[in-house]
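One structure is given below, encoded as structure tokens.
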Amino acid sequence: MTDKLTVGYIGLGIMGKSMARNVLKAGFPLVVHNRSQAAVEELVGEGARRANSPAEVAAQVDVVLTNLPDTPDVELVTLGQNGIIETAHKGLVFVDNSTIKPAASRKIAEALGEKGVLSLDAPVSGGDIGAQQGTLTIMVGGPGQALEKVMPVLQAMGKTITHVGESGAGQIAKACNQIMVAAQMVAMGELLIFAQKSGADAQKVIDAIRGGAAQCWTLDVKPPRLFAGNRAPGFKAYMQAKDLNIVIETACQYGIPLPSAAVDSQLYNAMLETGMKELDNSAVIGIIESLAGTRLNID
Numbered sequence: 002m003t004d005k006l007t008v009g010y011i012g013l014g015i016m017g018k019s020m021a022r023n024v025l026k027a028g029f030p031l032v033v034h035n036r037s038q039a040a041v042e043e044l045v046g047e048g049a050r051r052a053n054s055p056a057e058v059a060a061q062v063d064v065v066l067t068n069l070p071d072t073p074d075v076e077l078v079t080l081g082q083n084g085i086i087e088t089a090h091k092g093l094v095f096v097d098n099s100t101i102k103p104a105a106s107r108k109i110a111e112a113l114g115e116k117g118v119l120s121l122d123a124p125v126s127g128g129d130i131g132a133q134q135g136t137l138t139i140m141v142g143g144p145g146q147a148l149e150k151v152m153p154v155l156q157a158m159g160k161t162i163t164h165v166g167e168s169g170a171g172q173i174a175k176a177c178n179q180i181m182v183a184a185q186m187v188a189m190g191e192l193l194i195f196a197q198k199s200g201a202d203a204q205k206v207i208d209a210i211r212g213g214a215a216q217c218w219t220l221d222v223k224p225p226r227l228f229a230g231n232r233a234p235g236f237k238a239y240m241q242a243k244d245l246n247i248v249i250e251t252a253c254q255y256g257i258p259l260p261s262a263a264v265d266s267q268l269y270n271a272m273l274e275t276g277m278k279e280l281d282n283s284a285v286i287g288i289i290e291s292l293a294g295t296r297l298n299i300d
């Protein structure tokens, strides 16, 4: 027998499956649900239990986490037919690892709160590698007592866990994160093409600048993949585009000027229109290449 919380995880995509697996490895009894059954079968084979609906998950767990593509998906799983709200019980904690609109997180928290459920919006950063290694950065909005209860579960998935504030604050932090991530990816694409087309060795330029003021995770991790011709996703371009659309919509709601983020959003949406939506978010360099009439040299 175990005195650990029983955990439910709904949404077993690139990130969610690895995060759920780390919860299972940490010794928490785990109940899983996903539209596609392959990931469910995989985790059941490792010791998880299957549930046939979000409501079935919520009925038998202490904590239920979701990791879903977009705002409507989270609203459906939480508040829709056979959703979490149908079997929500007092003391249940709902944790959303998705990236959605802050306003939607607040609406969901209010609705579930009427059933005695405490809600945390807890989006993550760190990509598929961070999800696999359990080193994600987790940004949390919601009641402190709920975070205290589920902290051991989050620690199985992430290395840096920050309570940003009340409901919606985690999503605001993630939006801020995505503003910076997009800016870095676009800037990297620009500088690589600028260096190459101006007559310098782009790889040596990266070596020269990443030890100085330009140093960042993006320049440390992404150039070797691009120089190897690898644009396969760690974080898919269409998800980056979706996150930037959330940024722009929220900025409009509060009257916030975001000139650079607006341009970055256009570039990522252009990826969707040119057949690159399933590529990595660093593959935004492809739009820069198209505009410049060249392509990055690969090894």
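This note's numbering runs 1 ahead of the 1-based position in the sequence shown.
Glycine included, each C-beta is placed from N, C-alpha and C at the ideal position.
#### Entry: Gly-230 versus Gln-197 - alpha carbon distance
Answer to the nearest angstrom: the Cα atoms are 15 Å apart.
### Query
On the three-state DSSP scale, how would you describe Leu-280?
Under the three-state reduction of DSSP output, Leu-280 falls in the coil class, being neither helix nor strand.
### Message
Can you tell me whether Asp-265 is buried or exposed? The criterion is at least 16 other CB atoms within 10 Å of its CB, across all chains shown.
### Response
Sixteen is the threshold: when 16 or more other Cβ atoms of the shown chains lie within 10 Å of the Cβ of Asp-265, as they do, the residue is buried.
### Message
Between Val-96, Asn-178 and Leu-137, which has its C-alpha nearest Leu-113's C-alpha?
### Response
Among Val-96, Asn-178 and Leu-137, the Cα nearest to that of Leu-113 is on Val-96.
### Message
At the 9 Å Cβ level, is Ile-257 part of the contact set with chain B, yes or no?
### Response
The structure shown contains no chain B; it holds only a single protein chain.
### Query
Quick one: Cα of Gly-276 to Cα of Val-285, how far?
The alpha-carbon atoms of Gly-276 and Val-285 are separated by roughly 12 Å.
### Task
Decide if the region 54-70 is in contact with the region 11-25; the criterion is three or more beta carbon pairs, one per stretch, under 8 Å apart.
Inter-segment contact for the region 54-70 and the region 11-25 is present: three or more beta-carbon pairs are separated by less than 8 Å.
### Task
Look at Gly-127 and Gly-171 and say whether their C-beta atoms are less than 9 Å apart.
One thing to note: Gly-127 has its Cβ no nearer than 9 Å to the Cβ of Gly-171.
#### Entry: Residue from Gln-241, Gly-294 and Pro-30 with nearest C-alpha to Val-187
Scanning Gln-241, Gly-294 and Pro-30 for the CA closest to the CA of Val-187 turns up Gln-241.
### Query
What's the C-alpha gap between Val-24 and Ala-238?
Each residue's alpha carbon lies about 27 Å from the other.
### Query
How should Met-189 be labelled, buried or exposed, when 16 other C-beta atoms within 10 angstroms of its C-beta is the threshold for buried?
Around the beta-carbon of Met-189, 16 or more other beta-carbon atoms lie within 10 Å, marking it buried.
#### Entry: Bridge partners - Arg-51, DSSP secondary structure assignment
By DSSP's assignment, Arg-51 forms a beta bridge with Val-33.
### Cutoff 7 Å; reference Ile-207; Cβ partners in own chain excluding five residues on either side
Hits under 7 Å: Leu-220 and Pro-224.
### Query
Who are the Cβ neighbours of Thr-72 in its own chain at under 7 Å, not counting the five residues just before and after it?
Hits under 7 Å: Ile-101, Lys-102 and Ala-105.
### Message
Once the 5 residues before and after Leu-245 are set aside, which same chain residues still bring their CB inside 7 Å of it?
### Response
Correct list, in chain order: Gln-179, Ala-183, Ala-262, Asp-265, Ser-266 and Tyr-269.
### Query
Contact check, Val-64 vs Val-151 under 8 Å by CB: the rounded distance?
That belief holds up - the Cβ atoms of Val-64 and Val-151 are roughly 5 Å apart, short of 8 Å.
### Query
With 16 other CB atoms within 10 Å as the buried threshold, where does Asn-35 fall?
Asn-35 is classed as buried because its beta carbon has at least 16 other beta carbons within 10 Å across all chains shown.
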